[in-house]
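Here the sequence shown is numbered in full-length UniProt numbering, starting from 1 and rising by one per residue.
First up is the structure itself, then whatever we jot down about it.
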Amino acid sequence: MNNTEIKKERVVGKRLGKQLHLQLQKSGPLAIIVVKYYLKNIENVFFTLLFPVILLFLEGFAYKALAAATPGMSEREIIASLVNAMVIMEVLGIGLSFLPPAIIDFKNSVLIKRIGATDLRPGFYILVNVLITFVMVIIAIFWTLLLAGLMFAWVKDSKTGEQFGWSIAFNNHTPLMMVFYLLTFFIATTIGLTFAAIFKTMPGLQASVTILSNLSSFLLGIFIPIILLDQIEVLKILRWLIPFKYSMTPGIELWLTGKITINWEFYVNIFVSLGLIGLFGTLAGVLTKWQQ
1 MNNTEIKKER VVGKRLGKQL HLQLQKSGPL AIIVVKYYLK NIENVFFTLL FPVILLFLEG
61 FAYKALAAAT PGMSEREIIA SLVNAMVIME VLGIGLSFLP PAIIDFKNSV LIKRIGATDL
121 RPGFYILVNV LITFVMVIIA IFWTLLLAGL MFAWVKDSKT GEQFGWSIAF NNHTPLMMVF
181 YLLTFFIATT IGLTFAAIFK TMPGLQASVT ILSNLSSFLL GIFIPIILLD QIEVLKILRW
241 LIPFKYSMTP GIELWLTGKI TINWEFYVNI FVSLGLIGLF GTLAGVLTKW QQ
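Encoded structure:
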């Protein structure tokens, strides 16, 4: 490499460094704007903080009564499945329902036009939104687990007389469970971004998100215990059509049994999950028309 090529590389490196520094300088004000947008939307606050309380309270009694009335069914296991399902619901809800409407709102607002007139890149704007929703989903996961512990740690199993304990929400598997929750979150986020790129208005976006989230919620055990769903072959087959099945199948096994079976299906689930993130992330980038 001669001196001329070295000088060119240094010039390019300095320009890239200046661009990155400029983007980071503007990320603070942009992040504040985005956070204010999310907090002003009362649905976001309700879904993150209050909705898990309501569902855990209502479904907790129903699940426990179901297990108590069913011979051979463990009350602790069925409550644990409910706790996991509530966390999955939060992850899907934030990934699918928070970011896409924000993207459409900002694309149709004066703000995104002002951003487009500056040297702040649209990709960086998306990145700031993803990082903020990432923080929100972490808060939502631990908030939901904390609520579950407060509600069920002191509950006694009617068959054994033993308290469920805090391990009903926090146990040795919780750190590894975060991997599967976050895989699910990124699948939901990239699918949501793809929906935001396809649909130009809120009604179309909301309809697609509602159908996908409700179907996923049902098949992943949020409305009916996953233990019962697994006994119905047609529902087990339908679950293969849900993109979040691949990231959460090992997680559900870990949560309920305390172990993961490492076999071909495990590797298929992981590779398909990563492939879905890459596929929908690429689609979102290709389909998004920022110039419009």
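Cβ coordinates follow ideal geometry from the N, Cα and C atoms, glycine included.
Per-residue DSSP class, three states only, for Gln163: Taken through DSSP and simplified to helix, strand or coil, Gln163 comes out as strand.
| Considering Asn84, what are the terminal residues of the alpha helix (DSSP H) in which it resides? | For Asn84, the enclosing alpha helix (DSSP H) starts and ends at Glu75 to Ser97.
Just grab the DSSP bridge partners of Lys156 for me.
-> In the DSSP output, where bridge partners are listed per residue, Lys156 has Gln163.
Please report the distance separating the alpha-carbon of Thr144 from that of Thr288. Rounded to the nearest angstrom, the gap between the Cα atoms of Thr144 and Thr288 is 33 Å.
- Closest by C-alpha distance to Phe142, when choosing among Met86, Ile132, Thr194 and Ser97: Ranking Met86, Ile132, Thr194 and Ser97 by Cα distance to Phe142 puts Met86 first.
Q. For Pro243, which residues from the same chain have a beta carbon less than 6 Å from its beta carbon, with the 5 sequence-adjacent residues on both sides left out?
A. Closer than 6 Å at the Cβ level, and outside the excluded window around Pro243, lie Ile187 and Leu276.
Does the structure place the segment 95-106 close enough to the segment 267-274 that three or more beta carbon pairs sit under 8 Å? No, they do not touch.
query: Which first and last residues belong to the alpha helix (DSSP H) in which Leu206 is found?
result: It should be pointed out that residue 206 corresponds to Gln in this sequence rather than to Leu. Counting along the chain, the alpha helix (DSSP H) containing Gln206 begins and ends at Met202 to Leu219.
With Ile232 and Phe164 assumed to form a contact (beta carbons below 8 Å), what rounded beta-carbon distance in angstroms separates them? Contact between Ile232 and Phe164 fails: their C-beta atoms lie close to 27 Å from each other, not under 8 Å.
- Considering only residues of the same chain and omitting the five flanking positions on each side of His21, which have a CB-CB separation below 8 Å? Any reading at His21 needs caution, since the residue's pLDDT is 47, under 50, leaving its predicted position unreliable; the model's value is listed next. Nothing meets the Cβ criterion.
Simplified DSSP state of Thr133, which is helix, strand or coil
Three-state DSSP puts Thr133 in a helix.
Item to check | Among Gly192, Phe47 and Ala67, nearest to Ala207 - alpha-carbon criterion | outcome: It is Gly192 whose Cα lies nearest to the Cα of Ala207.
Using the three-state DSSP reduction, which class does His21 fall into: helix, strand or coil?
Note that His21 scores a pLDDT of 47, beneath 50, so its modelled location is shaky; the value from the coordinates is reported in the next line. Of the three classes helix, strand and coil, the one that applies to His21 here is helix, per DSSP.
Should Val135 go down as buried or exposed, given a rule of 16 or more other Cβ atoms within 10 Å for buried?
-> Residue burial is scored here from C-beta neighbours: Val135 has fewer than 16 other C-beta atoms within 10 angstroms and is therefore classed as exposed.
My guess is that Phe185 and Val91 are in contact by the Cβ rule of under 8 Å, so how many angstroms apart are they, rounded? Phe185 to Val91, Cβ: 5 Å. Contact.
Which residues in the same chain have their Cβ closer than 6 Å to the Cβ of Leu24, if we skip the five residues on either side of it in sequence? Reliability of the predicted coordinates at Leu24 is poor, the pLDDT of 49 falling under 50, and no value is obtained from them.
Which same chain residues end up closer than 8 Å to Asn129 when comparing Cβ atoms and leaving out the 5 residues on each side of it in sequence? Contacts found: Val34, Leu99, Ala102 and Ile103.
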